[in-house]
Amino acid sequence: NAGVTQTPKFQVLKTGQSMTLQCAQDMNHEYMSWYRQDPGMGLRLIHYSVGAGITDQGEVPNGYNVSRSTTEDFPLRLLSAAPSQTSVYFCASRDGTVNSPLHFGNGTRLTVT
Amino acid sequence: GENVEQHPSTLSVQEGDSAVIKCTYSDSASNYFPWYKQELGKRPQLIIDIRSNVGEKKDQRIAVTLNKTAKHFSLHITETQPEDSAVYFCAASPTGFQKLVFGTGTRLLVSP
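Listed in order, the protein sequences are those of chains A and B. In terms of the working numbering, the first sequence has 25 at position 21, counting the first letter as 1, and numbering is strictly consecutive. In terms of the working numbering, the second sequence has 150 at position 73, counting the first letter as 1, and numbering is strictly consecutive.
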């Protein structure tokens with residue numbers, strides 16, 4: 005099992021550009037989520053999904069879109085990048101059992117200039 | 078919604094000492110409390126977790142305690158080693174685990 009795979013590892017964007025951060029998991033997990041990590045602010049939930057076709061907002065959803073067309077994939081879209089979106093992004097997944105642990109990907113470091 | 082506060086933000090200890098990191102949460106319905114360790118440039122990884130029906134859990138040098146009445150939980154690391162140096166995050170999850178809310182992290186530095 006590869007676990008949770010994120011691409012790209014690094015990305016630099018100019019303000020106003022769009023891009024998609026990719027996340028895939030091969031563990032047949034129902035639950036997938038996106039977090040952003042900023043210095044001194046911990047991990048903040050952006051969006052999450054409890055299964056294919058179902059998504060919901062987390063703590064900081066503005067400026068981001070998600071979709072879940074398959075169990076395996078959960079891409080995060082930035083429609084018009086802003087410098088405030090400079091961060092490290094982590095995708096995470098877990099199975100459907102109560103209180104099962106989150107498995108994180110290796111992260112994507114995004115810089116918006 | 079749930080809010081998790083974590084203290085201290087940084088903690089420096091000598092090798093062999095104990096380290097304690099404390100978290101408080103706001104939602105009395107939360108019932109799952111994991112701790113994650115994140116080494117520099119790496120992803121967060123689960124090191125221990127506790128459910129609300131348990132007051133304490135131990136795994137070798139790591140232990141977690143939970144006080145549901147006071148709504149706080151703590152991570153205890155004994156006999157610290159330099160490889161324990163990392164950022165540690167606590168988290169809390171309300172019933173149903175739809176959202177896992179993290180604390181702001183504690184940077185632990187263990188000096189030889």
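Glycine included, C-beta positions come from ideal geometry on N, C-alpha and C. As the structure is a computational prediction, the values presented were derived from the model and not from experiment.
Beta-carbon proximity check, residue i vs residue j, cutoff 9 Å
i: residue 82 of chain A; j: residue 114 of chain A; result: yes
i: residue 115 of chain B; j: residue 165 of chain B; result: yes
i: residue 82 of chain B; j: residue 180 of chain B; result: yes
i: residue 148 of chain B; j: residue 103 of chain B; result: yes
i: residue 187 of chain B; j: residue 162 of chain B; result: yes
i: residue 121 of chain B; j: residue 170 of chain B; result: no
i: residue 70 of chain A; j: residue 49 of chain A; result: no
i: residue 160 of chain B; j: residue 95 of chain B; result: no
i: residue 21 of chain A; j: residue 92 of chain A; result: no
i: residue 130 of chain B; j: residue 108 of chain B; result: yes
i: residue 74 of chain A; j: residue 13 of chain A; result: no
i: residue 72 of chain A; j: residue 56 of chain A; result: yes
i: residue 123 of chain B; j: residue 154 of chain B; result: no
Pairwise C-alpha distance: residue j and residue i
i: residue 90 of chain A; j: residue 51 of chain A; result: 17 Å
i: residue 142 of chain B; j: residue 19 of chain A; result: 45 Å
i: residue 117 of chain A; j: residue 85 of chain A; result: 9 Å
i: residue 132 of chain B; j: residue 87 of chain A; result: 43 Å
i: residue 98 of chain A; j: residue 29 of chain A; result: 10 Å
i: residue 6 of chain A; j: residue 113 of chain B; result: 20 Å
i: residue 118 of chain A; j: residue 78 of chain A; result: The structure shown does not extend to residue 118 of chain A, since chain A is modelled only from 5 through 117, so no value can be given for it.
i: residue 35 of chain A; j: residue 100 of chain A; result: 7 Å
i: residue 25 of chain A; j: residue 127 of chain B; result: 32 Å
i: residue 15 of chain A; j: residue 150 of chain B; result: 37 Å
i: residue 9 of chain A; j: residue 23 of chain A; result: 17 Å
i: residue 99 of chain B; j: residue 93 of chain B; result: 20 Å
i: residue 78 of chain B; j: residue 97 of chain B; result: 26 Å
i: residue 176 of chain B; j: residue 189 of chain B; result: 38 Å
Opening and closing residue of the beta strand (DSSP E) in which residue i lies
i: residue 111 of chain B; result: 109–115
i: residue 69 of chain A; result: 68–70
i: residue 94 of chain A; result: 91–98
i: residue 86 of chain B; result: Taken as a continuous stretch (DSSP letters only), residue 86 of chain B belongs to no beta strand (DSSP E), as it is neither H nor E.
i: residue 33 of chain A; result: Here residue 33 of chain A belongs to no beta strand (DSSP E), and DSSP marks it neither H nor E.
i: residue 102 of chain A; result: Note, residue 102 of chain A: premise wrong, no beta strand (DSSP E); not H, not E.
i: residue 74 of chain A; result: Counting along the chain, residue 74 of chain A falls outside any beta strand (DSSP E), and DSSP gives it neither H nor E.
i: residue 15 of chain A; result: 14–17
i: residue 54 of chain A; result: 46–55
i: residue 185 of chain B; result: 183–188
The ligand PLP heavy atom lying under 8 Å from the CB of residue i
i: residue 10 of chain A; result: Within the structure as shown, the ligand PLP is missing, as the structure has no ligands at all.
Worksheet item: Which whole runs of the beta strand (DSSP E) in the region 120–174 of chain B are 3 residues long or more, in chain order?
Response: Listed in chain order, the complete beta strand (DSSP E) runs (minimum 3 residues) inside the region 120–174 of chain B are 122–128, 133–136, 139–144, 149–154 and 163–169.
Practice prompt. Could you please tell me which residues of the region 82–112 of chain A, in chain order, have their CB closer than 7 Å to any CB of chain B?
Written response: Answer in chain order: 94, 102, 103, 105, 106, 108, 109, 110 and 111.
Worksheet item: In the region 92–111 of chain B, which residues sit with their C-beta less than 9 Å from some C-beta in chain A, listed in chain order?
Response: Listed by position along the chain: 108, 109 and 111.
Worksheet item: At a Cβ cut of 7 Å, what residues of the region 26–47 of chain A count as close to chain B, listed as they run along the chain?
Response: So the close ones are 44, 45, 46 and 47.
Practice prompt. Using a Cβ-Cβ cut-off of less than 9 Å, give me the residues of the region 51–68 of chain A that come near chain B, in sequence order.
Written response: Listed by position, the residues of the region 51–68 of chain A near chain B (Cβ gap below 9 Å) are 52, 54, 60, 62 and 63.
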